[in-house]
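A.B. asks: One point on numbering: in my numbering, the residue at position 97 of the sequence shown is 185, and numbering is uninterrupted. The beta carbon of each residue, even a glycine, is placed where N, CA and C say it ideally should be.
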Amino acid sequence: MDLVLDKLRLLNYVKGFCRPRKFPPITRAYFVIPAANLNEQFFYFTSLFCWLANRAGVSMEEPQQFDDPNATAAILINVLKSLNITFDYGPMKLKQPYGPAIAYVLNGLTDKALQSSGFTFKRPLHKNDDYPEEAEVDVEAEVTTDAIDEQIIASVDNETDDTESSHLTLPGRMYVHAYIDLRGPPDSQMTSKADPTLWHSEVERVTPSLKILIPNDNKDWRAHLEQMKTTEQAITSSFSDAKSQLSRLHNEISTSLEKISSREKYINAQFGSQANEYRVISEQISDVKQKLNIANSTVGGLADELARVTEDLDAMKARMDEIGSGMTDSKPLINIKQALIRIKAEIKQFDLRIGVINHQVFAHRLAQRGTSGPYQAAMA
89 MDLVLDKLRL LNYVKGFCRP RKFPPITRAY FVIPAANLNE QFFYFTSLFC WLANRAGVSM
149 EEPQQFDDPN ATAAILINVL KSLNITFDYG PMKLKQPYGP AIAYVLNGLT DKALQSSGFT
209 FKRPLHKNDD YPEEAEVDVE AEVTTDAIDE QIIASVDNET DDTESSHLTL PGRMYVHAYI
269 DLRGPPDSQM TSKADPTLWH SEVERVTPSL KILIPNDNKD WRAHLEQMKT TEQAITSSFS
329 DAKSQLSRLH NEISTSLEKI SSREKYINAQ FGSQANEYRV ISEQISDVKQ KLNIANSTVG
389 GLADELARVT EDLDAMKARM DEIGSGMTDS KPLINIKQAL IRIKAEIKQF DLRIGVINHQ
449 VFAHRLAQRG TSGPYQAAMA
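#1: Any contact between the segment 141–155 and the segment 201–215? By contact I mean 3 or more CB pairs, one from each, below 8 Å.
#2: Which whole-angstrom value describes the C-beta separation of Arg116 and Leu93, a residue pair presumed to lie in contact below a C-beta threshold of 8 Å?
#3: Going straight from the alpha carbon of Ala161 to that of Phe175, what length do you get?
#4: Looking only at its chain, what residues have a beta carbon closer than 6 Å to the beta carbon of Lys210, apart from the 5 residues adjacent to it on each side?
#5: Along the chain, where does the alpha helix (DSSP H) that runs through Asn127 open and close?
#6: CB Pro185 to CB Phe105, shorter than 9 Å?
#7: Taking 7 Å as the limit between beta carbons, can you name the residues of its chain near Pro259, skipping five residues before and five after?
#8: May I have the straight-line CA-CA distance separating Leu96 from Arg310, to the nearest angstrom?
#9: Using 10 angstroms around the beta-carbon of Thr198, count the other beta-carbons present and answer buried if the total reaches 16, otherwise exposed.
#10: What is the residue span of the alpha helix (DSSP H) that Leu286 lies within?
#11: Roughly how many whole angstroms lie between the Cα atoms of Thr208 and Phe119?
#12: Can you tell me whether Tyr101 is buried or exposed, with buried defined as 16 or more other CB within 10 angstroms of its CB?
#13: Below 8 Å on the Cβ atoms is my guess for Gln152 versus Asn127; work out the distance and round it to an integer in Å.
#14: Run the CB neighbour count on Gly388, radius 10 Å, all protein chains shown included, and call it buried at 16 or more, exposed below.
#15: Given a cut-off of 9 Å on the beta-carbon distance, is the pair Tyr137 and Leu99 in contact?
#16: Would you decide whether Leu438 is buried or exposed? Buried here means 16 or more other CB atoms lie within 10 Å of its CB.
#17: Tell me the residue span of the alpha helix (DSSP H) that contains Glu150.
#18: Would you mind working out which of Pro212, Leu91, His288, Arg109 sits nearest Val193, comparing C-alpha positions?
#19: Given a cut-off of 9 Å on the beta-carbon distance, is the pair Ile173 and Lys181 in contact?
#20: Hey, would you say Lys183 sits closer than 9 Å to Phe111, going by beta carbons?
#21: Quick check: Leu168 and Gly187, are their CB atoms within less than 9 Å of each other?
#22: Roughly how many angstroms lie between the CA atoms of Gly294 and Gln315, to the nearest whole one?
#23: Determine, using beta carbons only, whether Glu150 and Ser135 come nearer to each other than 9 Å.
#24: Which value, in whole angstroms, describes the spacing of the CA atoms of Ile323 and Ala357?
#25: Just curious, the alpha helix (DSSP H) that Phe450 is in, first and last residue?
#26: Ends of the alpha helix (DSSP H) at Gly196?
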């Protein structure tokens, strides 16, 4: 997603996509994990997909927030095919607005959009700096200690002034004098001008400030070794007391176990006959329970058969009642008689209409043959 974000910044998606639609800029993990509102996340993805597709040269209608996800996924698949972007994840992955499939689609669309806009990635150009890699050193220059010696001698010459030499402590002044003595002739004998008493007192004064306090390190094996020694001593000191207490407890437990064993043997000896009787009764109860289970299974089978027979009997009774009611019911006969009466009435109506029509035809023929006699017209 970092690469996708960089490509979106190259396309200036904040100005061209986010601001017109009032969308916030996406983060690097927005399409990687599910958001709190999946519907809003899916709408953001489809809107960004549409904008990138239009930038890539494919016209696509702006999606709506409450469109059918299945139809929207099918449209997105068709757009990817038109852009020659292979998508092997399946349409169902586009309905889920996060994951590797979404990152793959956005990466391909940003590539197509950059290609359509004429943008190409080039190799970075590094400007040559004019700064020298190393400072210039005068190799031929001679290194001497004259300047240092002059500074030390000047500080020693000023020791006569109390205000100027008060900042030097006793070891400092001794160091300066020793340095001056070392610069003397090589054959001269080295002698110390320091007072041993003052030197000893000065050492005692500065010794506490020279102590180094090493903090405890849990990874230091020495600290663990000391701790192990301390723990071993504590265990050794408390082992004797613990051993005596455990021995006493062991003796008490052994005595209790012996008492329990003897009492158990006494009970077995006193109640042996009752135990045998109980064993026999238990076996009889087991046999009775087994027979009861067999009887219950038999009763269950008979109950099922009884229910089936009862159902067949009820069906037979219903059929007999239906046949009996059909034999004693005179309603169908009455319906037939009424139907015959209606048919006869309709026949009379038809006969009357036929007579009227014959009369009309006869009168029409008479009108057509007005010159003929009544007898001839009737015969015609």
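C.D. replies: The structure says:
#1: Yes: at least three Cβ pairs fall under 8 Å.
#2: Confirmed, about 6 Å.
#3: One C-alpha to the other measures close to 12 Å.
#4: Same-chain partners within the cutoff: there are none.
#5: For Asn127, the enclosing alpha helix (DSSP H) covers residues 126–143.
#6: Pro185 is not a Cβ neighbour of Phe105, given a cutoff of 9 Å.
#7: Only weak support exists for where Pro259 lies, its pLDDT of 44 falling under 50; the coordinates are left without a value.
#8: C-alpha separation (whole angstroms): 58 Å.
#9: Classification of Thr198: buried, given that the 10 Å Cβ count is 16 or more.
#10: Per DSSP, the continuous alpha helix (DSSP H) segment holding Leu286 begins and ends at 284–294.
#11: Annotation: Thr208 to Phe119 spans about 26 Å, alpha carbon to alpha carbon.
#12: Buried, by the Cβ-count rule.
#13: With 8 Å as the limit, Gln152 and Asn127 do not qualify as a contact, their Cβ atoms being about 12 Å apart.
#14: So Gly388 counts as exposed.
#15: Note on identity: in this sequence residue 137 is Phe, with Tyr being the wrong assignment. The answer is no: Cβ separation not under 9 Å.
#16: The sequence given here has Phe at residue 438, not Leu. Under this definition Phe438 is an exposed residue.
#17: Counting along the chain, Glu150 falls outside any alpha helix (DSSP H), and DSSP gives it neither H nor E.
#18: Measuring from the Cα of Val193, the nearest candidate turns out to be Leu91.
#19: With contacts defined as CB atoms closer than 9 Å, Ile173 and Lys181 fail to qualify as a contacting pair.
#20: No; because the gap between Cβ atoms is not below 9 Å, this pair is not in contact.
#21: No, these two residues do not count as a Cβ contact at 9 Å.
#22: First, the residue type needs correcting, since residue 294 is Val and not Gly in the sequence shown. Each residue's alpha carbon lies about 33 Å from the other.
#23: Yes, these two residues count as a Cβ contact at 9 Å.
#24: If you take the alpha carbons of Ile323 and Ala357, they lie about 49 Å apart.
#25: 419–456 is the extent of the alpha helix (DSSP H) around Phe450.
#26: Here the alpha helix (DSSP H) through Gly196 covers 188–204.
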